[in-house]
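Enquirer:
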Amino acid sequence: MQKQDVESVVAIEQQVQFHPWTAKQFHQSMQSHQCTVLEDQQQVIGFCIMQPVLDEANLLLMAIHPQYQGQGLGYQLLTDAITRLGEKCVQIFLEVRESNHVAIALYEKIGFHQIDLRKNYYPAPNHKKEHAVIMVKMTNDDGFGFRLNEYV
Ligand SMILES: CC(C)(COP(=O)(O)OP(=O)(O)OC[C@H]1O[C@@H](n2cnc3c(N)ncnc32)[C@H](O)[C@@H]1OP(=O)(O)O)[C@@H](O)C(=O)NCCC(=O)NCCS
Numbered sequence: 076m077q078k079q080d081v082e083s084v085v086a087i088e089q090q091v092q093f094h095p096w097t098a099k100q101f102h103q104s105m106q107s108h109q110c111t112v113l114e115d116q117q118q119v120i121g122f123c124i125m126q127p128v129l130d131e132a133n134l135l136l137m138a139i140h141p142q143y144q145g146q147g148l149g150y151q152l153l154t155d156a157i158t159r160l161g162e163k164c165v166q167i168f169l170e171v172r173e174s175n176h177v178a179i180a181l182y183e184k185i186g187f188h189q190i191d192l193r194k195n196y197y198p199a200p201n202h203k204k205e206h207a208v209i210m211v212k213m214t215n216d217d218g219f220g221f222r223l224n225e226y227v
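At position 25 of the sequence shown the residue is numbered 100 (our numbering), and the sequence of numbers has no breaks.
#1: Taking Cβ to Cβ, would you say L17 is nearer than 7 Å to G121?
#2: I'd like to confirm something about L136: is its beta-carbon nearer than 6 Å to some heavy atom of ligand 1, or not?
#3: Among N201, I185, L181 and S174, which has the Cα closest to the Cα of L192?
#4: Are at least three pairs of beta-carbons, each pair with one atom in the stretch 105-119 and one in the stretch 143-161, less than 8 Å apart?
#5: Give me the residue from I179, N201 and E183 with the minimum Cα distance to A207.
#6: Return helix, strand or coil for P198, following the three-state DSSP convention.
#7: Kindly examine ligand 1 and report whether one of its heavy atoms sits closer than 6 Å to the Cβ of K184.
#8: Could you compute how far the alpha carbon of Q90 sits from the alpha carbon of P141?
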């Protein structure tokens, strides 16, 4: 992500998020996080923000422009961003609104699984709150963890 991409990134963010990040937040993020954009004919159509911390990372935010959703681009963007984290990163955490079934399906397809539920975490319309699903992916996952769970 370059400085000149932020305007397009904010425009996407405002279309898809209930509480969108501001341009200032994206500019700050570029200084310390791994910020990836996906382009189509030099137009920004998606972005992904990862926060690497030692040998872990947090997926803070990602989105695909509404007109480009459902074409495999979210999968492509996230797998690229995970690859860019490098071998040093052994696990990736994220939190997602419980109602965001599309994002949860994408994350599960990529190998994330739920480890916790943070109740009443997100603000929601009509002064309500929504649970956050906490998910993790081991980047060198060979399925061993899942096999262990099956026998517990
Ligand atoms: C979540 C998001 C990034 C997914 O990107 P996308 O490009 O639409 O997703 P893809 O086309 O790559 O689909 C990948 C997988 O997601 C799931 N998925 C995508 N669209 C779906 C839909 N309409 N219904 C159910 N699952 C869906 C499927 O598992 C799909 O895999 P499949 O095609 O093999 O079934 C995109 O919908 C988005 O930007 N949403 C708004 C912002 C957001 O919620 N960000 C995540 C939280 S910060």
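Glycine included, each C-beta is placed from N, C-alpha and C at the ideal position.
Expert: On the basis of the supplied data:
#1: Residue 17 cannot be examined here, being either before or after the span of the chain that is shown, 76 to 227.
#2: L136: yes, Cβ under 6 Å from ligand 1.
#3: Of the listed residues, the one whose Cα sits closest to L192 is S174.
#4: By the criterion of at least three beta-carbon pairs nearer than 8 Å, the stretch 105-119 is in contact with the stretch 143-161.
#5: Out of I179, N201 and E183, I179 has the C-alpha closest to the C-alpha of A207.
#6: In this structure, P198 counts as strand in the three-state DSSP scheme.
#7: Because some heavy atom of ligand 1 lies under 6 Å away, the Cβ of K184 counts as near it: yes.
#8: Inter-residue distance for Q90 and P141 is about 8 Å (C-alpha atoms, whole angstroms).
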